[in-house]
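This report refers to the structure that appears directly beneath it.
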Amino acid sequence: MENKFRVILAIKKLSIADVFEGTGIAKTTLYGLYHEKTKNPDTSTILKVCNYLNITPNEFFGIDNNEKEA
Numbered sequence: 004m005e006n007k008f009r010v011i012l013a014i015k016k017l018s019i020a021d022v023f024e025g026t027g028i029a030k031t032t033l034y035g036l037y038h039e040k041t042k043n044p045d046t047s048t049i050l051k052v053c054n055y056l057n058i059t060p061n062e063f064f065g066i067d068n069n070e071k072e073a
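With our numbering applied, the sequence shown corresponds to residues 4 to 73, in that order.
Structure, rendered in structure tokens:
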């Protein structure tokens, strides 16, 4: 599933190992999110990652609430 995990980590200068240590989420799960291989990520996983990174799920998935609909 498309997400901004890779970009957010780069901006915050964090690694997958940092997120693993801060959340306890398996590295294989984090790599799946990083490389956008995970089709349906678990909600609790996304919320843990977002909480650790201090972002919203919308930011994680690159959803802009301010975009105008055509």
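Where is the CB? At the ideal position from N, CA and C, for every residue including glycine.
Which residue comes first and which comes last in the alpha helix (DSSP H) that contains residue i?
{"i": "Asn68", "result": "Run containing Asn68: none; DSSP gives neither H nor E here."}
{"i": "Ile14", "result": "Phe8 to Lys15"}
Starting from the Cα of residue i, find the closest Cα among the options and give me that residue.
{"i": "Thr26", "options": "Glu62, Pro60, Asn54 and Asp67", "result": "Asn54"}
Straight-line CA distance for residue i to residue j?
{"i": "Ile11", "j": "Asp45", "result": "19 Å"}
{"i": "Asn43", "j": "Lys15", "result": "25 Å"}
{"i": "Lys40", "j": "Met4", "result": "7 Å"}
{"i": "Lys51", "j": "Tyr34", "result": "15 Å"}
Evaluate residue i with the Cβ neighbour count: other Cβ atoms within 10 Å of its Cβ, from every protein chain shown; 16 or more gives buried, anything less gives exposed.
{"i": "Asn57", "result": "exposed"}
{"i": "Asn69", "result": "exposed"}
{"i": "Lys28", "result": "The question names Lys, but residue 28 in the sequence shown is Ile. So Ile28 counts as buried."}
{"i": "Ile66", "result": "exposed"}
For residue i, collect the residues of the same chain with a Cβ closer than 7 Å to its Cβ; drop the 5 residues on either side in sequence, then sort them by chain order.
{"i": "Tyr37", "result": "Phe8, Arg9 and Ile19"}
Does chain D have any CB closer than 7 Å to the CB of residue i?
{"i": "Ile49", "result": "Structure shown: chain D not included; a single protein chain is present."}
For residue i, I'd like the list of residues in its chain whose CB is within less than 6 Å of its CB, leaving aside the five on either flank, ordered along the chain.
{"i": "Phe64", "result": "Asn6"}
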